[in-house]
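Asker: Please read through the structure below; I'll follow up with questions.
In the working numbering, the protein residues as written are 77 to 676.
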């Protein structure tokens, strides 16, 4: 969530009766956790449900009639929960996640209890947060809640606020003496975990939401990430403290981190949390919920580097899936299907931010397609690009049964044909193809699938091999017979096939593979093994032919090898294949594998 600003305003006071009632409710013993170490267990699969933020943040007419972010109320949450239970729960959607603002009034003034913990705004949530969770559980749903990381400035109370069940500890005992700020908005003081009272504060927050019956916590503004870096914004210790505190409650609360997390700390997020946002908000903060250009299309660039980090216990979160409301979504039908396709093949959590009381028929078809949901929820790994990040892309995953999940995307602003060559999938010959969106067996295809797609369009298939095994000839980048140009150099690489790679391909650096031999002339789909910590372009050419510029997706860091396949036209006999950085920075190259036969 890219939250509204957090103005520094006095905390709301509480009556003595309310304080006593809250204290009594929260002193009830909660059993110790059976789980020890690592993330808790709710995330065996990507979660599915609904989140309030998309409608809260939109300026679509009628959604926020009482001012910005005013949509978030108890009545609106329960209305959406009732609709979720009636319409989407049979398909696996169970979480109802209340986002930022539940403890703030319409002027964004916050309320806290006597122990510096967020307290429900009595106008937004007149019956309190426990009553909401109880209602959700009564519908067979799960309840989600939201908190920002750190101690909110308004809760500090001159450092004199006593902590719950922590004798002698006050808010002054849990933050740094210089009151340095943290999180994506600098709205909170950074917690100092060198102080023994600090974990007790996080414990008290976790015990509070567990006692209310919440099953999910979105911890927002977490760094490194949330567009902040540096020591003040390193919240790894906070996340670890939350994992420990949640485990101690004995309640299996799903811990989700937001937003645009630093991939350099992926190991930390995987160790302590169940999910992590890989990008900024998908919402456009405009007169619709989202827009294609705002950040829906950005996910094609930002997702690939994270792919290998997703799996049971922790998932890459692409943010809300707003494809159900037609005009309010702000997307064409083709864009809505493409949006849903990427979320499914990337195995992102599927939580919509739409108004579930007015889903249109097309949106319902997108949200309840059991075959597409099975791609997201099944045992197969997330898909990643098998072609460069060009306007026409193919993403694929090899499934445990040997089939392939294959998605075709046309990200261009005009219609275009997109081809999935079977050789890019590690296949050759024939394969049967099933269209998952249309529930249709398309028959047997030979060597490739080609589809004409509209602007920003997509198709999603299961491909079942019926042919032979693809054979290739490999060529190592570091081979002595190759020619290096400019600054290009051979360096060690423990992840690379020959233990070495060619790097420093920038501002004129080049790598030429010499003596690439094929029996027949034609266009070959050459698989390139490469390393690139961010998406990088490279010019690829054969012999004296014209270079074609491709962008290779990020591999997530500079120690992980991935592959994409690029078309290269070769003559019979010996050829050269060149990777040239031009004026840019290109990926490091490990090797190429050339199929025994050209494209058909």
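We put the CB at the ideal spot given by N, CA and C, even for glycine.
Helix, strand or coil: which one does DSSP assign to residue 658?
Answerer: Translated into the one-based positions of the chain shown, residue 658 becomes position 582. Correct three-state label for residue 658: coil.
Asker: When we look at the beta-carbon of residue 418 and count the other beta-carbons within 10 Å, is it buried (16 or more) or exposed?
Answerer: Taking the first residue of the chain shown as 1, we reach residue 418 at position 342. Flag for residue 418 reads buried.
Asker: Give the single residue among 126, 161, 279 and 237 whose Cα lies nearest to the Cα of residue 220.
Answerer: As a working mapping, residue 220 is identified with position 144 in the chain shown. That would be 126, whose Cα lies nearest to the Cα of residue 220.
Asker: Which residues in the same chain as residue 249 place their Cβ atom closer than 7 angstroms to its Cβ, once the five residues preceding and following it in sequence are excluded?
Answerer: The sequence position of residue 249 within the chain shown is 173, counting from 1. Result list for residue 249: 271 and 273, in chain order.
Asker: For residue 615 and residue 581, what's the separation of their Cα atoms in angstroms?
Answerer: Against the chain shown, residue 615 aligns to sequence position 539. Against the chain shown, residue 581 aligns to sequence position 505. Rounded to whole angstroms, residue 615 to residue 581 spans 11 angstroms at the Cα level.
Asker: Can you tell me which of the three DSSP states residue 473 falls into?
Answerer: For the purposes of this step, residue 473 is taken as residue 397 along the chain shown, with counting starting at 1. The answer is strand: DSSP assigns residue 473 an E or B state.
Asker: Let's test the definition: count the other Cβ atoms within 10 Å of the Cβ of residue 350 and tell me whether it reaches 16, buried, or not, exposed.
Answerer: Residue numbering aside, residue 350 sits at position 274 when the chain shown is read from its first letter. It counts as buried.
Asker: Three-state secondary structure (DSSP) at residue 413?
Answerer: Here the question's residue 413 lines up with position 337 in the chain shown. Three-state DSSP puts residue 413 in a helix.
Asker: CA-CA distance, residue 609 and residue 523?
Answerer: Looking up residue 609 in the chain shown gives position 533. Looking up residue 523 in the chain shown gives position 447. For residue 609 and residue 523, the distance between alpha carbons rounds to 32 angstroms.
Asker: Is DSSP giving residue 460 helix, strand or coil here?
Answerer: What you label residue 460 is simply residue 384 of the chain shown in a count that begins at 1. Here residue 460 sits in strand by DSSP.
Asker: On the three-state DSSP scale, how would you describe residue 26?
Answerer: There is simply no residue 26 to check, as the chain begins at 77 and stops at 676 in what is shown.
Asker: Helix, strand or coil for residue 91? Go by DSSP, reduced to three states.
Answerer: The residue you call residue 91 lines up with position 15 of the chain shown. For residue 91, the predicted model reports a pLDDT of 36, less than 50, meaning its position is unreliable; a value from the coordinates is still stated below. Coil, per DSSP.
Asker: Counting only beta-carbon atoms, is residue 417 nearer than 9 angstroms to chain C?
Answerer: In the displayed structure, chain C is absent; only one protein chain is listed.
Asker: Just the Cα atoms here: how many angstroms apart are residue 433 and residue 525?
Answerer: Residue numbering aside, residue 433 sits at position 357 when the chain shown is read from its first letter. Residue numbering aside, residue 525 sits at position 449 when the chain shown is read from its first letter. Distance between the alpha carbons of residue 433 and residue 525: 38 angstroms.
Asker: Flag this pair as yes or no: are the beta carbons of residue 444 and residue 267 separated by less than 9 angstroms?
Answerer: As a working mapping, residue 444 is identified with position 368 in the chain shown. As a working mapping, residue 267 is identified with position 191 in the chain shown. Against a cut-off of 9 angstroms, the Cβ pair of residue 267 and residue 444 comes out as no contact.
Asker: Could you work out which residue in 491, 338, 633 and 618 is closest to residue 654 when comparing CA atoms only?
Answerer: As a working mapping, residue 654 is identified with position 578 in the chain shown. Minimum Cα distance to residue 654 is reached at 618.
Asker: For the putative contact between residue 148 and residue 175, defined by C-beta atoms under 8 angstroms, what is the C-beta separation to the nearest angstrom?
Answerer: As a working mapping, residue 148 is identified with position 72 in the chain shown. As a working mapping, residue 175 is identified with position 99 in the chain shown. Indeed, because the Cβ distance is near 7 angstroms, the residues count as touching under 8 angstroms.
Asker: Considering only residues of the same chain and omitting the five flanking positions on each side of residue 440, which have a CB-CB separation below 8 angstroms?
Answerer: Counting from one through the chain shown, the residue named residue 440 turns up at place 364. Cβ within range, chain order: 163 and 400.
Asker: Nearest CA to the CA of residue 368: which residue from 196, 411 and 348?
Answerer: By 1-based counting over the chain shown, the position of residue 368 is 292. The shortest Cα separation from residue 368 among 196, 411 and 348 belongs to 411.
Asker: Closer than 8 angstroms is the cut-off here; do at least three beta carbon pairs connect the stretch 355-366 with the stretch 386-405?
Answerer: Yes: at least three Cβ pairs fall under 8 angstroms.
Asker: Within the chosen definition, does the stretch 254-267 reach the stretch 222-233 through at least 3 CB pairs nearer than 8 angstroms?
Answerer: Enough Cβ pairs lie closer than 8 angstroms, so yes.
Asker: Residue 131 and residue 430 - do their beta-carbons sit closer together than 9 angstroms?
Answerer: As a working mapping, residue 430 is identified with position 354 in the chain shown. As a working mapping, residue 131 is identified with position 55 in the chain shown. Cβ distance < 9 angstroms, so residue 430 and residue 131 count as in contact.
Asker: What are the start and end residues of the beta strand (DSSP E) that includes residue 537?
Answerer: The residue given as residue 537 occupies position 461 in the chain shown. Run containing residue 537: 533-541, per the beta strand (DSSP E) assignment.
Asker: For residue 348, I'd like the list of residues in its chain whose CB is within less than 6 angstroms of its CB, leaving aside the five on either flank, ordered along the chain.
Answerer: As a working mapping, residue 348 is identified with position 272 in the chain shown. 315, 316 and 319, listed in sequence order.
Asker: Around the C-beta of residue 332, are 16 or more other C-beta atoms found within 10 angstroms, so that it is buried, or is it exposed?
Answerer: Looking up residue 332 in the chain shown gives position 256. Under this definition residue 332 is a buried residue.
Asker: Quick check: what's the CA-CA separation for residue 668 versus residue 302?
Answerer: The residue you call residue 668 lines up with position 592 of the chain shown. The residue you call residue 302 lines up with position 226 of the chain shown. Whole-angstrom Cα-Cα distance: 37 angstroms.
Asker: Tell me the rounded alpha-carbon separation between residue 673 and residue 600.
Answerer: Here the question's residue 673 lines up with position 597 in the chain shown. Here the question's residue 600 lines up with position 524 in the chain shown. So the two alpha carbons sit approximately 7 angstroms from each other.
Asker: Cα separation between residue 489 and residue 256?
Answerer: Counting from one through the chain shown, the residue named residue 489 turns up at place 413. Counting from one through the chain shown, the residue named residue 256 turns up at place 180. Near 46 angstroms, if we compare the C-alpha coordinates of residue 256 and residue 489.
Asker: Which runs of the alpha helix (DSSP H) spanning at least 4 residues fall entirely within the stretch 585-629, listed in chain order?
Answerer: DSSP runs (the alpha helix (DSSP H)) wholly in the stretch 585-629: none.
Asker: Measuring CA to CA, which of 588, 613, 527 and 639 is closest to residue 606?
Answerer: Residue numbering aside, residue 606 sits at position 530 when the chain shown is read from its first letter. The shortest C-alpha separation from residue 606 is found at 639.
Asker: So, using beta-carbon positions, are residue 642 and residue 414 closer together than 9 angstroms?
Answerer: What you label residue 642 is simply residue 566 of the chain shown in a count that begins at 1. What you label residue 414 is simply residue 338 of the chain shown in a count that begins at 1. Not in contact: residue 642 and residue 414 (Cβ atoms no closer than 9 angstroms).
Asker: Out of 144, 421 and 146, which one is the CA nearest neighbour of residue 447?
Answerer: For this step, residue 447 is matched to residue 371 along the chain shown. The shortest Cα separation from residue 447 among 144, 421 and 146 belongs to 421.
Asker: Does the contact criterion of 3 or more C-beta pairs under 8 angstroms hold for the stretch 467-476 versus the stretch 510-522?
Answerer: Judged by Cβ distances under 8 angstroms, the stretch 467-476 makes no contact with the stretch 510-522, as fewer than three pairs qualify.
Asker: Residue 587 and residue 546: beta carbons closer than 9 angstroms?
Answerer: Here residue 587 refers to the residue found at position 511 when the chain shown is read from its first residue. Here residue 546 refers to the residue found at position 470 when the chain shown is read from its first residue. In this structure, residue 546 does not lie closer than 9 angstroms to residue 587 by Cβ.
Asker: I'd like the span of the beta strand (DSSP E) that includes residue 486, first residue to last.
Answerer: Sequence index remark: in the chain shown, residue 486 carries index 410 (1-based). Unbroken beta strand (DSSP E) run through residue 486: 480-486.
Asker: Can you have a look at residue 583 and say buried or exposed, based on whether 16 or more other CB atoms are within 10 angstroms of its CB?
Answerer: As a working mapping, residue 583 is identified with position 507 in the chain shown. That one is exposed.
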